[in-house]
Structure formats: C-alpha cells, structure tokens
Amino acid sequence: MNVRGLLFDPYNNAYIVILRDNNNTEMLPIWIGKSEASAISFALERITPPRPMTHDLMKTILDNVNAKVISTVVTDMKDNTYFAKIHLLYGDSEYTIDSRPSDAIAVALRADAPIFATGEVLHKQTSEELERWLENLKPEDFGKFET
Amino acid sequence: MMMEIQDPVPLTVHGVLIDPNTDTQIVILRDTKKTEVLPIWVGTSEGSSIRLALEEIIPPRPMSHDLMMDVAEHLGFSFTKVIVNEVKNNTYYSHLYLTYQGEERAIDCRPSDAIAIAVRAKIPIFVMPEVLERKGSQNLDSWLAKLDSNAFDQHKS
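Okay, structure coming up:
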C-alpha cells in the first residue's frame with residue numbers, strides 16, 4: 001500500500017491517512033490523531049524539523065541498535081480500531097511488534113520500508129460503506145495537510 | 148587551578164500541568180532536595196504521554212512511547228538514563244541513553260520524548276548544572292505554588 005493522502009476530517013476533528021494499493025483498486029482510510037498526522041506529513045514532504053520529533057527518535061533508536069524495518073502491515077480491524085505490526089530485522093532474527101497503524105506508517109516512511117494491508121482487513125470494509133463515506137465528504141474537505 | 152567538574156543533577160518528575168489557554172503542557176522536574184525547579188514546556192501529545200505513564204494508565208493500544216518500550220523489550224536492549232544537557236534559545240536539549248551490545252549510546256532528542264521514555268522505563272533523569280543555572284533567576288517556587296493552588300491537573304511523585 002502507499003500513502004495517497006492525508007486529510008482533515010472536520011466532523012470528527014481528526015485526521016485521516018488514506019492508503020491505496022498500486023492498482024488503485026483498494027483503499028484504506030485510517031483515522032489518526034494530530035501528532036501522528038504531523039509525523040506522517042513531515043515524512044511525506046521530507047521535512048526535517050529543527051528538533052527530532054517522536055518518530056524521528058524512534059527511527060534513530062532503531063538505527064543505533066542496527067535494527068532494520070523490513071515492513072509494516074495493517075493486519076486487522078476490530079470495533080473501528082485498526083491493528084498493525086512492524087517487522088524488524090535485528091541481528092539474524094526477525095521480530096514482530098504490535099503497533100497502531102499511525103505509528104507503523106510514520107516509521108515505515110522514515111525507514112523507506114513498505115506498507116502492506118492484509119486481505120482480511122481490506123475486506124472488513126464493505127465497498128458500500130466506503131462509497132457512503134466518500135459521498136459524504138465535500139470537495140472542500142479534501143486538502144493538503146497543513147503542518 | 149583545577150576546574151571542578153560538576154555532576155549531573157538528578158531530577159524527578161513532579162507533575163505535568165496543563166495550560167488551558169494554549170496547546171501546551173508543562174512538565175515540572177524537581178531535584179531531590181526540592182530546591183530547584185525545572186519547568187519544560189511540551190506539546191499536548193508528549194505531555195499526555197508523560198501523564199499516562201505517571202498515572203500508570205495502560206491505554207488500549209500502544210502509544211508512540213509504549214511502542215519504543217516494546218521494541219526495546221522485544222529486541223533486548225535497555226534505556227539507561229536521560230540527561231537534559233543543554234538549553235539554547237529557550238529550547239532544551241537532552242540525550243536518551245541506551246545500552247546496546249554492552250556499549251552505551253547517547254541519542255539526541257527532545258526532553259519531552261526522553262521523559263516519556265524515562266517514566267515508563269523507570270530510569271533516572273538528570274540535568275547538567277549549567278542548564279539549571281541558565282534557566283533564570285526568577286523565583287520559580289512561588290510560581291509553582293501559584294499553579295499548585297489552581298485546579299490544574301497534576302501528579303504528586
């Protein structure tokens with residue numbers, strides 16, 4: 001999946017990160033908080049803030065212990081909460097860490113690591129729900145995220 | 148004449164105050180003798196993260212700093228200490244120390260992130276004496292007392 005957009009949702013006073021697959025056939029909108037949206041936006045725009053932000057620190061910690069981000073995966077959705085995993089290579093072993101999708105995406109972008117979504121999580125959203133959601137968004141709701 | 152090298156001063160997190168007018172929170176660090184106060188302004192998410200850790204509240208899903216702790220636990224390295232080492236233009240700088248393969252490494256970071264980790268990892272927080280000296284001569288204790296008397300959210304350590 002790729003991060004295709006970052007929107008502000010005025011109805012919920014939250015941010016939405018839009019993941020889409022390479023063929024643009026699948027879409028996964030994930031609601032996230034302001035600071036995670038900032039972190040993702042900075043990474044997307046390749047902006048280096050004056051002082052390291054939380055996810056910059058995370059990446060630096062991983063670098064310092066020679067841990068490599070192999071991939072991140074949005075694995076499941078339960079009660080409107082998405083679950084993700086971060087796969088790390090450390091020494092000769094692979095480790096899987098439970099994470100929120102927002103943190104996983106913020107780290108993946110900094111590590112230039114791929115982001116995946118399982119078929120299971122993609123199918124948990126019916127296309128009907130997505131269409132309804134898309135219909136409710138007005139054109140002015142879409143906008144480039146302002147940092 | 149030999150220069151006296153001053154030791155870093157150990158601090159504890161006295162509490163986190165919320166400034167209702169701005170989108171900021173204030174972490175209050177105090178030395179063990181309760182003579183020095185170091186207030187550090189932090190963002191909402193960092194302040195919330197510190198408060199959650201102080202109150203030992205485990206959120207339903209791991210927050211960013213919980214994730215860093217999980218990574219350390221899974222991979223088997225540990226955070227050892229935090230030192231607030233500099234202040235420049237009202238911005239505090241700190242180092243988060245970790246031990247990796249027997250070697251200690253210092254990672255440059257914001258004090259807010261360092262403190263959020265320190266509280267979770269139960270590791271000591273220090274400040275360099277010159278940073279304490281530079282924070283100003285105003286009587287912070289009376290300022291703190293004034294804040295204490297208001298209905299600010301705080302945690303007594």
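First to last, the sequence lines map onto chains X and D.
Just so it is clear: in the first sequence, position 23 is 23 by our numbering, and no numbers are missing.
Quick note, our numbering runs 147 ahead of the 1-based positions in the second sequence.
For every residue, glycine included, the Cβ atom is placed at its ideal position computed from N, Cα and C.
task = Could you tell me if X:K85 is buried or exposed, where buried requires 16 or more neighbouring beta carbons within 10 angstroms of its beta carbon?
result = That one is buried.
query = Are D:T238 and D:F224 closer than 8 angstroms when you measure CB to CB?
reply = no
ask   = Measuring CA to CA, which of X:M27, X:L62, X:T75 is closest to D:A253?
value = X:L62
ask   = Can you tell me the Cα-Cα spacing of X:F116 and X:E45, whole angstroms?
value = 21 angstroms
Distance, X:F83 Cα to X:P50 Cα = 31 angstroms
Cβ of D:Y247 within 8 angstroms of any chain X Cβ = yes
ask   = Enumerated in chain order, which unbroken segments of the beta strand (DSSP E) with a length of 3 residues or greater are wholly contained in the stretch 164–210 of chain D?
value = 171–178, 184–190
ask   = In angstroms, rounded to a whole number, what distance separates the CA positions of D:L185 and X:M77?
value = 42 angstroms
ask   = Counting along the chain, where does the beta strand (DSSP E) carrying X:T75 start and finish?
value = Counting along the chain, the beta strand (DSSP E) containing X:T75 begins and ends at 67–78.
ask   = Comparing the C-beta of D:Q285 with each C-beta of chain X, is any distance below 8 angstroms?
value = Bear in mind that a pLDDT of 47 at D:Q285, under 50, signals an unreliable position, so the number given afterwards is only what the model happens to contain. Proximity of D:Q285 to chain X, defined by a Cβ-Cβ separation below 8 angstroms, is not satisfied.
query = Along chain D, in chain order, which residues have C-beta atoms closer than 8 angstroms to that of X:P10?
reply = Within chain D, no residue comes near X:P10; the closest Cβ sits about 18 angstroms away, beyond 8 angstroms.
query = What residue does the beta strand (DSSP E) around X:I30 start on, and which one ends it?
reply = 27–32
request  = Compare the C-beta of D:Q153 with all C-beta atoms of chain X and state if any pair is closer than 8 angstroms.
outcome  = Chain X, which has no Cβ nearer than 8 angstroms to the Cβ of D:Q153, makes this no.
request  = Identify every run of the beta strand (DSSP E) within the stretch 195–279 of chain D, keeping only runs that are complete inside it and at least 3 residues long; order them along the chain.
outcome  = Listed in chain order, the beta strand (DSSP E) elements of length 3 or more contained wholly in the stretch 195–279 of chain D are 225–235, 238–247, 250–256, 272–274.
inquiry  = Please tell me whether X:W31 and X:N13 are closer than 8 angstroms, where the distance is taken between their beta carbons.
reply    = no
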